[in-house]
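K.L.:
Numbering (this note's numbering), first residue to last: 8 to 138.
(1) Hey, residue 83 and residue 43 are a contact pair by Cβ (cut 8 Å); roughly how many whole angstroms apart?
(2) I need the straight-line Cα distance from residue 97 to residue 135, nearest angstrom please.
(3) Would you call residue 88 buried or exposed, if buried means 16 or more other Cβ atoms sit within 10 Å of its Cβ?
(4) With distance defined between alpha-carbon atoms, name the residue in 54, 108, 27 and 74 nearest to residue 9.
(5) What does the alpha-carbon distance come out to for the pair residue 14 and residue 74?
(6) What would DSSP say about residue 115, mapped onto helix, strand or coil?
(7) Would residue 100 be called buried (16 or more neighbouring beta carbons within 10 Å of its own) or exposed?
(8) If I measure Cβ to Cβ from residue 71 and keep anything under 8 Å in the same chain, skipping five residues before and after, which residues do I get?
(9) If you draw a straight line from the alpha carbon of residue 33 to that of residue 77, how long is it in whole angstroms?
(10) Buried or exposed for residue 64, please, with buried defined as at least 16 other CB atoms from any protein chain shown within 10 angstroms of its CB.
(11) To the nearest angstrom, report how far apart residue 37 and residue 16 are at their CA atoms.
(12) Is the beta carbon of residue 68 less than 8 Å from the beta carbon of residue 56?
(13) Helix, strand or coil for residue 68? Go by DSSP, reduced to three states.
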């Protein structure tokens with residue numbers, strides 16, 4: 008989900024009396040837009056709600072976001088999650104950095120991506136049409 012779009016939607020909701028909290032990984036974008044409440048997770052983009060396949064980190068992140076919503080002392084409050092993606096900060100150098108991948112690894116990842124798209128396409132095509 009686009010951090011800027013979600014942040015602008017949150018600003019609109021807040022302006023109309025609906026409290027919001029943004030859970031995100033792109034601190035620069037969300038803070039620039041100026042949302043009222045922001046839970047920042049220092050995770051790769053696409054993982055604002057916790058680690059994939061890790062229900063404990065997801066439940067913790069949701070609970071923390073609800074606490075931020077409930078207790079933020081002022082507009083433009085940012086709280087950083089204490090969770091870490093990895094103990095080694097080098098993940099930031101490696102994550103989605105194509106220059107650090109071999110041609111074989113790029114091909115493997117592309118094949119996996121294409122396979123996942125085909126699975127999604129098949130599931131979509133099998134789903135009953137909504138009225």
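Glycine residues also receive a C-beta, built at the ideal position from the N, C-alpha and C atoms. These numbers come from a predicted model, not from an experiment.
P.N.:
In this structure, then:
(1) For the purposes of this step, residue 83 is identified with residue 76 of the chain shown, where counting begins at 1. For the purposes of this step, residue 43 is identified with residue 36 of the chain shown, where counting begins at 1. Confirmed, about 7 Å.
(2) The residue given as residue 97 occupies position 90 in the chain shown. The residue given as residue 135 occupies position 128 in the chain shown. Residue 97 and residue 135: Cα-Cα distance of roughly 44 Å.
(3) Position 81 of the chain shown, counted from the first residue, corresponds to residue 88. Buried, since its Cβ has 16 or more Cβ neighbours within 10 Å.
(4) Indexing the chain shown from 1 puts residue 9 at position 2. The option with the nearest alpha carbon to residue 9 is 54.
(5) By 1-based counting over the chain shown, the position of residue 14 is 7. By 1-based counting over the chain shown, the position of residue 74 is 67. The C-alpha of residue 14 lies about 19 Å from the C-alpha of residue 74.
(6) As a working note, residue 115 is residue 108 in the chain shown. DSSP places residue 115 within a helical segment (H, G or I) once states are collapsed to three.
(7) Position 93 of the chain shown holds residue 100. Exposed, by the Cβ-count rule.
(8) Translated into the one-based positions of the chain shown, residue 71 becomes position 64. For residue 71, same chain residues with a beta-carbon under 8 Å away, outside a window of 5 residues either side, are 46, 86 and 88 in chain order.
(9) Position 26 of the chain shown holds residue 33. Position 70 of the chain shown holds residue 77. Cα to Cα, residue 33 sits roughly 22 Å from residue 77.
(10) Residue mapping note: residue 64 aligns to position 57 of the chain shown, counting from 1. With 16 or more other CB atoms across the displayed protein chains lying within 10 angstroms of its CB, residue 64 is buried.
(11) Walking along the chain shown from the start, residue 37 turns up at place 30. Walking along the chain shown from the start, residue 16 turns up at place 9. A direct Cα-to-Cα measurement between residue 37 and residue 16 gives close to 11 Å.
(12) Here the question's residue 68 lines up with position 61 in the chain shown. Here the question's residue 56 lines up with position 49 in the chain shown. Yes. Within cutoff.
(13) The residue you call residue 68 lines up with position 61 of the chain shown. Looking at residue 68 - three-state DSSP - the assignment turns out to be helix.
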